[in-house]
Amino acid sequence: GQQVMQIPQYQHVQEGEDFTTYCNSSTTLSNIQWYKQRPGGHPVFLIQLVKSGEVKKQKRLTFQFGEAKKNSSLHITATQTTDVGTYFCALDPHSGAGSYQLTFGKGTKLSVIP
Amino acid sequence: NAGVTQTPKFQVLKTGQSMTLQCAQDMNHNSMYWYRQDPGMGLRLIYYSASEGTTDKGEVPNGYNVSRLNKREFSLRLESAAPSQTSVYFCASSEGWGATPPYEQYFGPGTRLTVT
Chain A
5 GQQVMQIPQY QHVQEGEDFT TYCNSSTTLS NIQWYKQRPG GHPVFLIQLV KSGEVKKQKR
65 LTFQFGEAKK NSSLHITATQ TTDVGTYFCA LDPHSGAGSY QLTFGKGTKL SVIP
Chain B
5 NAGVTQTPKF QVLKTGQSMT LQCAQDMNHN SMYWYRQDPG MGLRLIYYSA SEGTTDKGEV
65 PNGYNVSRLN KREFSLRLES AAPSQTSVYF CASSEGWGAT PPYEQYFGPG TRLTVT
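If you read the sequences in order, they're chains A and B.
Be aware that the first sequence starts at 5, since it is given in the working numbering, and climbs by one per residue.
Be aware that the second sequence starts at 5, since it is given in the working numbering, and climbs by one per residue.
Below is the structure:
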């Protein structure tokens, strides 16, 4: 099955600074999903990217899927304390063959200093 | 709608004891999943059920069994708990079979299990 590397593992930012987390795969991905988990909470789906070079925005969050569909990024502009949590990317380990499974990256834990 | 519910929320077991974690969803989803989450390890799939009547192993199935009781319910059983099974367990569901992408997963609140 496909594996994904997510970096960085931790990120501490001052409130108002930008934040980016990256997911990288050695193989071509059929799609990638992003989830957010607040401290003490459960993962919550944010978005799915499917097309090569796709860019989607949700308010201050920008999601990108690489042209080669081997990497993806999540960028947060002007972080707020409400952005605190761990951000996970997730992919279908069987390359879209309809397994309905997800393999999660290890996550990037974001801390925001007020 | 309650979404995905899990019981219990917390549990402490002694080594060798058994227990069953319960999960139910009210979204009429076809697929259900059990994950464990350990610090620095992300979410790892234990077992999943692509549709009612089927179950398959995930990445870390050893020491666990599952039952897809009906379309709504998917339970996880630890037959003889070990300290290495101390973790947070999440159940999730998705539309799965026949659905239109994205196949987003909806997670329950989790069960925090400690094995001493």
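For glycine and all other residues, C-beta sits at the position ideal for the given N, C-alpha and C.
Cβ of residue i within 8 Å of any chain D Cβ
i     : result
K55/A : Of the chains in the structure shown, none is chain D; the protein chains are A and B.
Where residue i meets chain B, residues with beta-carbon distance less than 8 Å
i     : result
H46/A : F94, F111, G112, P113 and G114
CB contact below 8 Å: residue i versus chain B
i      : result
L106/A : yes
F49/A  : yes
Q52/A  : yes
Q62/A  : no
F69/A  : no
F23/A  : no
Q7/A   : no
is_contact[residue i, chain A] using C-beta, thresh 8 Å
i     : result
A54/B : yes
L82/B : no
E77/B : no
G57/B : no
M31/B : no
L49/B : yes
S91/B : no
Y68/B : no
S35/B : yes
Test item: CB-CB of residue i and residue j under 8 Å
i      : j      : result
P118/A : E21/A  : no
Q15/A  : K110/A : no
S79/B  : Q26/B  : yes
L82/B  : M23/B  : yes
Q10/B  : G114/B : yes
M36/B  : N5/B   : no
Q105/A : L49/B  : yes
Q10/A  : Y26/A  : yes
Beta-carbon neighbours of residue i, restricted to chain A and to distances below 9 Å
i     : result
S98/B : Y104 and L106
Per-residue contacts from residue i into chain B (C-beta, under 7 Å)
i      : result
G111/A : G46
Beta-carbon neighbours of residue i, restricted to chain B and to distances below 9 Å
i      : result
Q120/A : No answer is possible for residue 120/A: the residues shown for chain A start at 5 and end at 118.
Distance cut-off 7 Å: residue i Cβ against heavy atoms of the ligand MN
i     : result
R40/B : By its list of ligands, the structure shown contains no ligand whatsoever, and the ligand MN lies outside what it can speak to.
Let me know the alpha helix (DSSP H) ranges lying completely inside the stretch 17-64 of chain A, each 4 residues or longer, listed in chain order. none
Minimum length 3: unbroken beta strand (DSSP E) runs contained in the stretch 16-48 of chain B: 23-29 and 35-42
Between the stretch 79-92 of chain B and the stretch 20-35 of chain A, do three or more beta carbon pairs fall short of 8 Å? no
Report the start-end ranges of each beta strand (DSSP E) in the stretch 48-88 of chain B that is 3 residues or longer and not cut off at the edges. 68-72 and 78-82
How about the stretch 58-75 of chain B and the stretch 61-77 of chain A: do they share at least three Cβ pairs that are nearer than 8 Å? no
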